[in-house]
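Notes for the one structure printed next.
Numbering (this note's numbering), first residue to last: 6 to 142.
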């Protein structure tokens with residue numbers, strides 16, 4: 006119905022080091038969030054975020070996958086419970102919000118674009134939109 010629309014899609018998977026076949030989802034409960042953060046404690050957690058941008062009228066399409074990972078510091082149960090109570094990350098894969106207090110859980114962050122960790126790699130998206138001849142900004 007809207008051939009001139011630019012359609013943007015993005016999705017992400019996450020997993021812990023040494024367990025790439027076990028994806029980390031959204032906890033949806035405090036108990037699950039505690040369990041996830043205890044499992045993440047002291048570990049590297051990897052994220053692969055797919056981005057696809059399509060414009061039907063021009064036939065242009067670009068799809069890519071950006072990678073990012075974080076190293077969690079060793080977390081105490083008290084730190085985990087306090088973090089969950091304050092930040093409420095129950096609808097976030099891995100049970101943290103890196104754009105908020107979740108950054109305090111990390112020892113380091115590795116990747117080209119921190120927004121990849123939030124689920125939409127904005128640097129790549131802006132690059133693609135400029136290639137579609139949009140003025141950004």
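Quick reminder that beta carbons are idealized off the backbone N, C-alpha and C, glycines included.
* Asked: Which first and last residues belong to the alpha helix (DSSP H) in which residue 127 is found?
  -> On the chain shown, residue 127 is found 122 positions in, with the first residue counted as 1. 127–136 is the extent of the alpha helix (DSSP H) around residue 127.
* To do: Could you tell me if residue 19 is buried or exposed, where buried requires 16 or more neighbouring beta carbons within 10 angstroms of its beta carbon?
  => Position 14 of the chain shown, counted from the start, is the residue given in the question as residue 19. Buried.
* Using 10 angstroms around the beta-carbon of residue 25, count the other beta-carbons present and answer buried if the total reaches 16, otherwise exposed. => As a first step, residue 25 must be located in the chain shown, where it is residue number 20. By the neighbour-count criterion, in which a residue is buried when 16 or more other Cβ atoms sit within 10 angstroms of its Cβ, residue 25 is exposed.
* To do: Please list, in chain order, all residues of the same chain as residue 46 whose beta carbon is under 7 angstroms from its beta carbon, the five residues on each side excluded.
  => In the chain shown, residue 46 corresponds to position 41, counting from 1. So the qualifying residues of the chain are 77, 79, 80.
* Range covered by the alpha helix (DSSP H) that runs through residue 71 -> Your numbering for residue 71 matches position 66 in the chain shown. Premise fails: residue 71 lies in the beta strand (DSSP E), 65–77, not in any alpha helix (DSSP H).
* Just to confirm, are residue 17 and residue 69 a CB contact at a threshold of 8 angstroms? -> On the chain shown, residue 17 is found 12 positions in, with the first residue counted as 1. On the chain shown, residue 69 is found 64 positions in, with the first residue counted as 1. Taking 8 angstroms as the Cβ cut-off, residue 17 and residue 69 do not qualify as a contacting pair.
* Nearest-angstrom Cβ-Cβ length linking residue 111 and residue 74, presumed shorter than 8 angstroms -> Here the question's residue 111 lines up with position 106 in the chain shown. Here the question's residue 74 lines up with position 69 in the chain shown. In fact, because the Cβ distance is near 10 angstroms, the residues do not count as touching under 8 angstroms.
* So what does DSSP say about residue 49, is it helix, strand or coil? -> Within the chain shown, residue 49 is the residue found at index 44, counting from 1. In the structure shown, residue 49 sits in a strand (DSSP, three-state: E or B).
* Kindly list the residues whose CB is nearer than 7 angstroms to the CB of residue 92, restricted to its own chain and excluding five residues on each side of it in sequence; keep chain order. => The count along the chain shown starts at 1 and reaches residue 92 at position 87. Same-chain partners within the cutoff: 102, 105, 106, 107.
* C-beta contact flag for residue 48 and residue 98 at 8 angstroms -> One-based indexing of the chain shown puts residue 48 at position 43. One-based indexing of the chain shown puts residue 98 at position 93. Contact: no.
* Asked: Taking C-alpha atoms, which residue in 64, 39, 58 lies nearest to residue 135?
  -> Reading the chain shown from its first residue, position 130 is the one you call residue 135. Nearest option by C-alpha distance: 58.
* Hey, residue 84 and residue 118: beta-carbon distance below 8 angstroms or not? -> Working through the chain shown from its first residue, we reach residue 84 at position 79. Working through the chain shown from its first residue, we reach residue 118 at position 113. No. Outside cutoff.
* Whose CA, out of 142, 133, 140, 125, lies closest to the CA of residue 54? -> The sequence position of residue 54 within the chain shown is 49, counting from 1. Relative to the Cα of residue 54, the nearest Cα in the group 142, 133, 140, 125 belongs to 125.
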